[in-house]
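If you read the sequence shown in my numbering, its first letter stands for residue 124, the second for the next number, and so on. From the three backbone atoms N, C-alpha and C, an ideal C-beta is built for every residue, glycine too. All of these numbers come straight from a predicted model, not from anything done at the bench. Below is one structure; the comments refer to it alone.
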Amino acid sequence: MEKTFNRLAGAVAHATGRPWAFALCLASVIIWAATGPMFHYSETWQLIINTGTTIITFLMVFLIQNTQNRDGAAIQAKLDELIRSGAGKNDFIGIEHLTEAEVDAFRKACAQAKQTKEATTNPRSQSSVCR
Numbered sequence: 124m125e126k127t128f129n130r131l132a133g134a135v136a137h138a139t140g141r142p143w144a145f146a147l148c149l150a151s152v153i154i155w156a157a158t159g160p161m162f163h164y165s166e167t168w169q170l171i172i173n174t175g176t177t178i179i180t181f182l183m184v185f186l187i188q189n190t191q192n193r194d195g196a197a198i199q200a201k202l203d204e205l206i207r208s209g210a211g212k213n214d215f216i217g218i219e220h221l222t223e224a225e226v227d228a229f230r231k232a233c234a235q236a237k238q239t240k241e242a243t244t245n246p247r248s249q250s251s252v253c254r
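And the structure:
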């Protein structure tokens, strides 16, 4: 079931990111708006667009989140492999699983290491972390 859902989520995410999907949605809204006078802008007329957009948005959130989660996990795996195979510090592998406070502490330690390195290589350099 998971593979089927992943294929479906990927296909829907790919299809809905196309210009024709936007054009179809825009045409639907234009047709709906044009039928307003015919239905005297009734509550039912308004309910149709509200219900339709709510259902589509609700379902798309889950499909897009699934696609984003898989893409993020794949990117992390690739980055971890680059770190393992290169000269990067292995301490960086898996930091996406840390808490926000642990990641902030890790970033501060990296910034401090950068400042220390800059101070030793160029004593006149500024001690700014972000340049």
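Run through DSSP, which three-state label would residue i get?
i: Met183; result: helix
i: Ser250; result: In this prediction, Ser250 has a pLDDT of 43, which is less than 50 and means its spatial position is unreliable; what the coordinates show is noted afterwards. If DSSP states are grouped into helix, strand and coil, Ser250 belongs with coil.
i: Leu170; result: helix
i: Ile178; result: helix
i: Ser208; result: helix
i: Phe162; result: coil
i: Gly195; result: helix
i: Ile216; result: coil
i: Gln188; result: helix
Span of the alpha helix (DSSP H) holding residue i?
i: Arg130; result: Glu125 to Thr139
i: Phe145; result: Pro142 to Ala157
i: Glu225; result: Glu223 to Thr244
So residue i and residue j are supposed to be a Cβ contact under 8 Å. How far apart are they, rounded?
i: Ala242; j: Asn189; result: Actually they are not in contact, since the Cβ atoms of Ala242 and Asn189 sit about 46 Å apart, beyond 8 Å.
i: Ile187; j: Ala144; result: With a Cβ gap of about 13 Å, Ile187 and Ala144 do not count as contacting.
i: Gly159; j: Trp168; result: 6 Å
i: Glu219; j: Gln199; result: 5 Å
i: Thr222; j: Met183; result: 30 Å between Cβ atoms; not a contact.
i: Ile179; j: Trp155; result: With 8 Å as the limit, Ile179 and Trp155 do not qualify as a contact, their Cβ atoms being about 13 Å apart.
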